[in-house]
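Peer 1: What follows is a single structure, and I will ask about it in a moment.
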Amino acid sequence: MRCPNCSRGDTGVIDSRPTGARVRRRRECKHCGERFTTREELAREFPKIVKRDKRREEYQPGKLRTSVGLALQKIDISEGRSEQLISDIEELLLNIKEPEYPSLQLGIQVMQQLRALNHVAYVRYASVYLGFEDIGDFIRQVETLQEELARQQVNDEQLSLDL
Ligand SMILES: [Zn+2]
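As structure tokens, this is what we get:
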């Protein structure tokens, strides 16, 4: 943290108090003695989304919003409910401890939420936005993904045993 007075980087914390999710810090410049306050908050970042072709991309809130909106088109669901669904999905993504998240897994989460909301929207989302010809094709993809995840877990366990 640079001093706002003399721009030197050598500042120390003289007081620190948490206020909710934030921490307020009182700092003092070791060079000129200037005192100033900083606020820190926990950075919450979305994981990178791993596409089915293994490419990674930034999470795009607009994409989720559009696909959910279209799945719910002409279905009598209040905007409040669909906004809630979107924020639930985003909360879930923000709480993932991994730096990456498979797009198929994200799609499954959206589908599970939609299924609880409206069956037509759920099937529509599966067929159109996940690009599956039929529900059988979708189930096969999910099984493949689950096998992959199970294998990864086994590899992780072997790794920790090797250490
Ligand atoms: Zn200074």
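Heads up: the sequence shown at position 13 corresponds to 1290 in our numbering, and the numbers run straight through without jumps.
Here a beta-carbon is modelled for each residue, glycine too, at the ideal position from N, C-alpha and C.
Remember, predicted model here, so these are calculated numbers, not experimental data.
#1: Please work out which residues of its chain come closer than 7 Å, Cβ to Cβ, to VAL1345, disregarding the five sequence neighbours upstream and downstream, and give them in chain order.
#2: Rounded to whole angstroms, what's the CA-CA distance from PRO1379 to ILE1326? Just pull it up for me.
#3: With distance defined between alpha-carbon atoms, name the residue in LEU1394, ARG1417, ARG1294 nearest to ARG1355.
#4: Reducing DSSP to helix, strand and coil, say where THR1296 ends up.
#5: Spatial neighbours of ARG1342 within its chain, please: CB distance less than 7 Å, with the 5 preceding and 5 following residues excluded, ordered by chain position.
#6: Report the three-state DSSP secondary structure of PHE1428 (helix, strand or coil).
#7: Just mark GLY1286 as buried or exposed, buried being the case when its beta carbon has 16 or more other beta carbons within 10 Å.
#8: Within a Cβ cutoff of 6 Å, which residues of the same chain sit near ARG1294, ignoring the five residues on either side of it in sequence?
#9: Please classify ARG1401: does DSSP put it in a helix, a strand, or coil?
#10: Give the DSSP-derived three-state secondary structure of ILE1363 in the structure shown.
#11: On the three-state DSSP scale, how would you describe GLY1289?
Peer 2: Taking the structure as given:
#1: SER1359, LEU1362, ILE1363, VAL1387
#2: 6 Å
#3: Contrary to the premise, residue 1355 reads as Ser rather than Arg in this sequence. Taking only the C-alpha atoms, the option nearest SER1355 is LEU1394.
#4: strand
#5: ILE1363
#6: Note on residue identity: the sequence assigns Arg, not Phe, to residue 1428. Reduced to three states, the DSSP call for ARG1428 is helix.
#7: exposed
#8: ARG1301
#9: helix
#10: helix
#11: strand
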